[in-house]
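There are 2 protein chains.
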Amino acid sequence: MVLNANRKPMLDGQECETSGWDMGNCPVRDVLDRIAGKWSTLLLEALARQPYRFGELRRLVPDISQRMLTQTLRDLQRDGYIEREVFPTKPPSVEYRMTELGRSLFEPLSKVLQWAEANHPSVKAARVKYDESELA
Amino acid sequence: MVLNANRKPMLDGQECETSGWDMGNCPVRDVLDRIAGKWSTLLLEALARQPYRFGELRRLVPDISQRMLTQTLRDLQRDGYIEREVFPTKPPSVEYRMTELGRSLFEPLSKVLQWAEANHPSVKAARVKYDESELA
DNA sequence: ATTGTTGGTCTCAAAAAGAGACTAGCGCTA
DNA sequence: TAGCGCTAGTCTCTTTTTGAGACCAACAAT
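If you read the sequences in order, they're chains A and B.
Here the first sequence stands for residues 333 to 468, numbered as in this note's numbering.
Here the second sequence stands for residues 333 to 468, numbered as in this note's numbering.
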């Protein structure tokens, strides 16, 4: 399905097919598809504050399933945003902490989070307006 | 219908306050869950540049299905990020354009996109490293 | 008369996510 | 000592979401 596999990346991006913009072969997509998951941002937000253990994260985000917690943490680890350390205690405990790469990502990301918090009322208002006009 | 019907009950009595932080009933989540979709950012990025018509967007993002394009555009419209205008031409054409709210969101969001572009190599490297250690 | 274009919707299959049971070794306790 | 819970997960099953593609109606050009 990689239609644009061998076109120029959008680095300086003037030369691509549709008004100078290659959507298919985009590094931004490759990175963003991972952090755009439903739980990724939430976990990054938590781990930006402090390290947490698996069970702590599970309690912190009450409506995540263990399955998705494991999976999301592993994805974030694979992309280098968080680290996983196992302590060989009696019941072994695992701690997750943010890496430097993760922190550098979280810097711009937290701005979006702040925007979301600040503009939540506007978005809710827009939804109401839309739903009313749809009702007609 | 399925799309707009998913308003979550959002258990208001339940609090999961951990170190002064409510994860469950978070406005940030409410907003972010919408723009964190696979295609949302891509479409916002396109419409931040200029207005586009339905078919133009479909061609611009070659691997999106019409179904998801319709759905994502409608979500973005409902949350007030984009506007939809129908021109009653013989084959009626529809133009999508970004609103002011959308632009104000895209400002911090574009920073994340820039980060993604700049740090794509680091992320790829992290993946390679992880996959190698997994291989053992 | 056929083909193509417009912006969708509809159906069905595939993929992803959610729910919950199950694991193993240890500590506590009844 | 049998039972229970704690740890961090995995495994399976069901439900939800997504993807692929057919279909629509009116009109324009071939």
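Every residue, glycine too, gets a C-beta built ideally from N, C-alpha and C.
This one's a predicted model, so the numbers in the text were calculated from it and none came from an experiment.
Host alpha helix (DSSP H) of Tyr-462(A) (start-end): 432–467
Quick check on Phe-438(A): buried or exposed, where buried means 16 or more other Cβ atoms within 10 Å of its Cβ? buried
Quick check on Leu-405(A): does DSSP put it in helix, strand or coil? helix
Mapping DSSP to helix, strand and coil, what is Ser-397(B)? coil
Counting only C-beta atoms, is Glu-417(A) closer than 9 Å to chain B at any point? no
Skipping 5 residues on each side, what residues in its chain have a beta carbon closer than 7 Å to that of Pro-383(A)? Glu-427, Tyr-428 and Arg-429
Contact check, Leu-401(A) vs Trp-371(A), beta carbons under 9 Å: yes
Residues in the stretch 358–380 of chain A with C-beta within 9 Å of chain B's C-beta atoms, listed in sequence order? Cys-358, Pro-359, Val-360, Arg-361, Asp-362, Val-363, Leu-364, Asp-365, Arg-366, Ile-367, Ala-368, Gly-369, Lys-370, Ser-372, Thr-373, Leu-374, Glu-377 and Ala-378
From what residue to what residue does the alpha helix (DSSP H) around Gly-387(A) run? 386–392
Chain A contact for Val-426(B) (CB, 9 Å cutoff): no
What's the gap between the Cα of Thr-421(A) and the Cα of Gly-387(B)? 58 Å
Contact between the stretch 445–452 of chain B and the stretch 396–412 of chain B is defined here as three or more beta-carbon pairs at a separation below 8 Å; is this criterion met? no
Could you please give the first and the last residue of the uninterrupted alpha helix (DSSP H) stretch that includes Asp-469(B)? What is shown of chain B runs 333 to 468, which leaves residue 469(B) out entirely.
Just list the residues that DSSP pairs Arg-429(B) with in beta bridges. Glu-415(B)
When you compare the CB positions of Arg-459(A) and Arg-410(B), do they come within less than 9 Å of one another, or not? yes
Thr-373(A) - containing alpha helix (DSSP H), residue span: 372–381
Just to make sure I have the definition right: I need the residues of chain A whose C-beta is within less than 9 Å of the C-beta of Leu-441(B). Which are they? Pro-440, Lys-443, Val-444 and Trp-447
What residue from Leu-441(A), Phe-419(A), Ile-414(A) and Ser-425(A) has the CA that sits closest to Thr-431(A)'s CA? Ile-414(A)
How would you list, in chain order, the residues of chain B whose beta-carbon sits under 8 Å from the beta-carbon of Arg-410(A)? Ala-458, Arg-459, Tyr-462 and Asp-463
Please tell me whether Ser-454(A) has its Cβ less than 9 Å away from any Cβ of chain B. yes
So, does the CB of Leu-405(A) fall closer than 9 Å to a CB anywhere in chain B? no
Taking 9 Å as the CB-CB cut-off, is Leu-433(B) touching chain A? yes
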